[in-house]
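Following this note's numbering, the numbering of the sequence shown begins with 38 at its first residue and continues without gaps.
All C-beta atoms in this analysis are idealised placements derived from N, C-alpha and C, irrespective of residue type, glycine included.
Read the structure below first, then the notes.
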Amino acid sequence: MRWWTESLPGMLTRLFEPNIVYVTIRGFFRLFFRIMGTWRIVGLEHIPPEGPVIIISNHISYLDPPLMGSAVRRTVAYMGKAELFTGNRLLAWVCRKLESYPVRQGTADREALRTTFEILERGWMVGIFPEGHRSETGELQPFQPGLGLIALRSRAPVVPCGFAGTYEMLRPHSKRLRRSHIEVHFGPPLKLDDLYEMEDKKQAAALVNERAYAEVKRLVEEAKAAREQWYARRGRKMP
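This is the structure:
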């Protein structure tokens, strides 16, 4: 069945049915990140152990989704660009098994939004890269407006995260993997209670994005500084 003909209930059942492939791939990537360097995770206590959660982070490498899935104890569902589900069959199968669902980039994809809301309403976790694409420079890019809408309508806790080190491990347009120390820093859920009842929903959504961007940026800088200190303490040159 192609993803664009799959019913929403069927997709949701498939997303969170017992998934030995997800568990196996997560185990593989946990081993992979240890072999390719070292990694440190800070702030896992900020992630609620149950109930709906939105995790947001910077996006600097193709390795970011498996890194997030490896770092978080709960299963994370991700939006993935639609092209991943329509080209290579093996890649499409892996994406589905990694709990991804398609989104048409550059458009107001109502089906993807509807799937996101349904996942959250069922008390599950969604991972979002608010930049909408990988950063070519490794620096944080402006956030797309969809995050504010999702956060306000779902009222799910929004947990920010900052990555450092995956850009150096696998740079954009490169097929060469490099050893790298990785830092993953989670922060407390965003404080959004004052925005839920605002009459101007467009302004409220913009304020969500503003706060989210500021917090992710803070965590990215914190993760970068911790990574630099890790190399300095060992007298090693940063890749």
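Taking the continuous beta strand (DSSP E) assigned at ARG77, which residues delimit it? To locate residue 77, count along the sequence shown from 1; it is residue 40. For ARG77, the enclosing beta strand (DSSP E) stretches over residues 74-79.
Check whether the Cβ atoms of GLY199 and HIS218 lie closer than 7 Å to each other. As a first step, residue 199 is located in the sequence shown; it is residue number 162 there, counting from the start. As a first step, residue 218 is located in the sequence shown; it is residue number 181 there, counting from the start. Going by C-beta atoms, GLY199 is not nearer than 7 Å to HIS218.
Whose C-alpha, out of ASN125, GLY175, GLN178, LEU100, is nearest the C-alpha of ILE62? In the sequence shown, the residue the question calls residue 62 occupies position 25. For the residues ASN125, GLY175, GLN178, LEU100, the minimum Cα distance to ILE62 belongs to LEU100.
How many whole angstroms separate the CB atoms of ALA149 and VAL140, which I take to be in contact at a CB cut-off of 8 Å? In the sequence shown, the residue the question calls residue 149 occupies position 112. In the sequence shown, the residue the question calls residue 140 occupies position 103. Right, their Cβ atoms sit about 4 Å apart.
So PHE223 packs on VAL79, CB below 8 Å; how close in whole Å? Stepping through the sequence shown from its first residue, residue 223 is reached at position 186. Stepping through the sequence shown from its first residue, residue 79 is reached at position 42. Taking the Cβ atoms as the reference, PHE223 lies roughly 7 Å from VAL79, within the contact range of under 8 Å.
What three-state label does DSSP hand ALA114 in the structure shown? Position 77 of the sequence shown, counted from the start, is the residue given in the question as residue 114. Strand.
Just to confirm, is the Cβ distance from GLY175 to TYR204 under 7 Å? For the purposes of this step, residue 175 is taken as residue 138 along the sequence shown, with counting starting at 1. For the purposes of this step, residue 204 is taken as residue 167 along the sequence shown, with counting starting at 1. It is a contact, given that the beta carbons lie within the stated cut-off.
Between the Cα of PRO197 and those of ASN56, PRO85, ILE72, THR75, spot the shortest distance and give me the residue it belongs to. Walking along the sequence shown from the start, residue 197 turns up at place 160. Comparing Cα-Cα distances from PRO197 to each of ASN56, PRO85, ILE72, THR75, the minimum goes to PRO85.
ARG51 to ARG273 span [Cα, whole Å]: The residue you call residue 51 lines up with position 14 of the sequence shown. The residue you call residue 273 lines up with position 236 of the sequence shown. The predicted position of ARG51 is uncertain, since its pLDDT is 48 and thus under 50; no value can be drawn from it.
Look up PHE200 in the DSSP assignment and give the residues it is bridged to. Your numbering for residue 200 matches position 163 in the sequence shown. DSSP output for PHE200 lists VAL221 as bridge partner(s).
Between LEU127 and the ligand FMN, is there a pair consisting of the residue's CB and a ligand heavy atom that are separated by less than 6 Å? Inclusion of the ligand FMN in the displayed structure is not the case, the ligand content being empty and no account of it being possible.
Suppose the cutoff is 6 Å on Cβ atoms and the five residues either side in sequence are ignored; what does the same chain contact list for ALA260 look like? Along the sequence shown, read from residue 1 onward, the residue named residue 260 stands at position 223. Closer than 6 Å at Cβ, skipping near neighbours: GLY199, ALA201, GLU220, HIS222.
Got a sec, what are the start and stop residues for the alpha helix (DSSP H) VAL109 sits in? Within the sequence shown, numbered from 1, the residue matching residue 109 stands at position 72. Taken as a continuous stretch (DSSP letters only), VAL109 belongs to no alpha helix (DSSP H), as it is neither H nor E.
State the start and end residues of the unbroken beta strand (DSSP E) segment that holds TYR138. Taking the first residue of the sequence shown as 1, we reach residue 138 at position 101. The continuous beta strand (DSSP E) containing TYR138 extends over residues 137-140.
Between the alpha carbons of MET105 and LEU121, how many angstroms are there, rounded? Taking the first residue of the sequence shown as position 1, residue 105 is located at position 68. Taking the first residue of the sequence shown as position 1, residue 121 is located at position 84. Their Cα atoms are separated by approximately 18 Å.
Report the residue from GLU136, ASP146, GLN181 whose alpha carbon sits nearest the alpha carbon of VAL163. Your numbering for residue 163 matches position 126 in the sequence shown. If we check each option's Cα against that of VAL163, GLU136 comes out closest.
For ALA263, which residues of its own chain have a beta-carbon under 6 Å away from its beta-carbon, when the five flanking residues on both sides are left out? Translated into positions along the sequence shown, residue 263 becomes position 226. Hits under 6 Å: GLU220.
CB ILE93 to CB PRO209, shorter than 7 Å? Translated into the one-based positions of the sequence shown, residue 93 becomes position 56. Translated into the one-based positions of the sequence shown, residue 209 becomes position 172. PRO209 sits away from ILE93, with the two beta carbons spaced by 7 Å or more.
ASN125 burial status per 10 Å Cβ neighbour count (16 or more: buried): Numbered from 1 along the sequence shown, position 88 holds the residue referred to as residue 125. ASN125 counts as exposed, since fewer than 16 other beta carbons sit within 10 angstroms of its beta carbon.
Could you check which residue in LEU186, PRO102, ARG151, LEU177 has the C-alpha nearest to that of ASP237? Position 200 of the sequence shown holds residue 237. Nearest option by C-alpha distance: LEU186.
Out of THR75, ASP231, TRP161, GLU173, which has the shortest C-alpha to C-alpha gap to ARG111? Within the sequence shown, numbered from 1, the residue matching residue 111 stands at position 74. The shortest C-alpha separation from ARG111 is found at TRP161.
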